[in-house]
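Chains as they are written, first to last, in the working numbering: chain F, 1 to 209; chain X, 1001 to 1209. All C-beta atoms, glycine included, are put in the ideal place defined by N, C-alpha and C.
There are 2 protein chains.
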Amino acid sequence: MANKNISMAVIRRLPKYYRYLGDLLDKDIHRISSKELSDIIGFTASQIRQDLNNFGGFGQQGYGYNVEALYSEIGKILGLDNAYNTILIGAGNLGQAIANYGGFKKAGFEIKALFDANPRMIGLKIRDFEILDSEDVEEFVQKNNINIAILCIPKNGAQEMVNRLVKVGIKGIWNFASIDLEVPKDVIVENVNLTESLFTLSYLMKESE
Amino acid sequence: MANKNISMAVIRRLPKYYRYLGDLLDKDIHRISSKELSDIIGFTASQIRQDLNNFGGFGQQGYGYNVEALYSEIGKILGLDNAYNTILIGAGNLGQAIANYGGFKKAGFEIKALFDANPRMIGLKIRDFEILDSEDVEEFVQKNNINIAILCIPKNGAQEMVNRLVKVGIKGIWNFASIDLEVPKDVIVENVNLTESLFTLSYLMKESE
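In structure tokens, the structure reads:
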């Protein structure tokens, strides 16, 4: 499969393709032209053909794309055929919102446990999970083959928690703390910085006034 | 002020500068060189000088940057000196997490009310807010000079809600629903797509294996 040397710009567009293709399958649509795809996604048809050409011959002249094959192939490229074992640290409102969102499990990211350091939270039940004591996180990671940690704790203490997680083999961190984490080269951090997103909105609104 | 024609790439870096400069002020640091700034932000010193030159003469040879002046200027560029009136629609876990986060108010985004369509939620108190009925959102927007809506509702119904909000003058939408919204040209949408962020993490982990 020709997915080497694909630019990060293309990669960042893939989840969007994946989402729209999933919507099409939900609507029982199994075949679509680049023109039709363009109308719903908003990228130009030529951009779409160029992007999808990176991943082999899914489009056929006069037929269009096989939605199912493309969906499945993009899923593989995104690594969604790997079943990741995930833990969530910080069971406040944001952590609970994420734990309650069913879409992640559907995409192969199963949350195996929630952790919190607050004694009043430990032992409470959220969805199917009992909140566990953050003190026990290393043991849990090692026993349950956990790959990804979702970090929903305040920025103070976030780096220390990450150091502990990395030591026991966590390879991916989905970081909601407003801090730039330091990790070894083989550990991936994806940041969700809500304040930065809001500031971008503010800037764009000011510019459009 | 020379902030016309600044590239979107620079703009997207500004919230990060703003955050780090705020941290420096919290630590009572009022003067910093581009080299020191580089060490903490992670951009190269030459990148930093180039970025900040866009906004006028804050750096002085041998002195460095005046942290306070730079912080305040970047804040203005980001429109943070405007006090935006904000409402939040969808008072589930995610909505509550956002309503509970004090940092937004500090940055000038005051949430004036929470709305929900669920009769079991309406009337409940979250922080200082009583949850109001989504049916009444238009009236509230008009009476309270609301500029920004934070959308924390499921994707079904999101476009319809946005149409209603746009009709009564909302100019900015911070969208957490997993849908690409259609809005008139003078309305800004900033999307926070958590699933897409998680998929990017997944891709990068797979690539680094």
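Taking 8 Å as the threshold, the shortest C-beta distance from E110/F to chain X does not fall below it. Secondary structure of I41/F (DSSP, three-state): helix. Residue environment: V1168/X is assigned as exposed (fewer than 16 neighbouring CB atoms within 10 Å of its CB, all protein chains considered).
Annotation note: the stretch 123-185 of chain F contains the following uninterrupted beta strand (DSSP E) runs of length 3 or greater, listed N- to C-terminal: 129-133, 148-151, 172-175.
Straight through space, the alpha carbons of Y63/F and A177/F are spaced by roughly 46 Å. Close partners of I1011/X in chain F (Cβ separation under 8 Å): T200, Y203. Within chain X, the C-beta atoms nearer than 7 Å to that of S208/F come from D1186, I1188, in chain order.
About 7 Å separates the beta carbon of L1132/X from that of L1114/X, a gap short enough to meet the 8 Å contact definition.
Taking C-beta atoms as the reference points, A1149/X and I1089/X count as a pair closer than 8 Å. Close CB contacts of N85/F within its chain, under the 8 Å cut and outside five residues either way in sequence, are with E110, K112, N144, N145, I146, N147, I148 (chain order). In this structure the stretch 75-84 of chain F touches the stretch 1185-1204 of chain X; the number of beta carbon pairs closer than 8 Å is three or more. Here Y63/F carries a coil assignment [DSSP, helix/strand/coil]. Within the stretch 1100-1127 of chain X, N1100, Y1101, G1103, F1104, A1107, G1108, F1109 place their CB atoms closer than 9 Å to a CB of chain F, listed in sequence order. No Cβ-Cβ contact shorter than 8 Å links V1162/X with P1184/X. Look at D1116/X here: in three-state DSSP terms it is strand. Residues of the stretch 1088-1100 of chain X with a Cβ closer than 9 Å to any Cβ of chain F, in chain order: G1092, N1093, L1094, G1095, Q1096, A1097, I1098, A1099, N1100. Listed in chain order, the non-local C-beta contacts of L1024/X below 7 Å within the same chain comprise I1032, V1067, local neighbours out to five positions each way being set aside.
In this structure, the beta-carbon distance from D116/F to A91/F falls below 8 Å. Per DSSP, reduced to three states, the secondary structure at N53/F is helical.
Contacts with chain X at 8 Å (Cβ-Cβ) do not include T44/F.
As a beta-bridge residue in DSSP terms, I89/F pairs with F115/F, L151/F.
Between the alpha carbons of I41/F and Y17/F lies a distance of about 8 Å. Taking the CA atoms as reference points, Y1065/X sits about 54 Å from Y65/F. K1171/X and D1186/X have their C-alpha atoms some 7 Å from each other. For the stretch 71-86 of chain F, the set of residues with a beta-carbon nearer than 8 Å to any beta-carbon of chain X comprises I77, L78, G79, L80, N82, Y84, in chain order.
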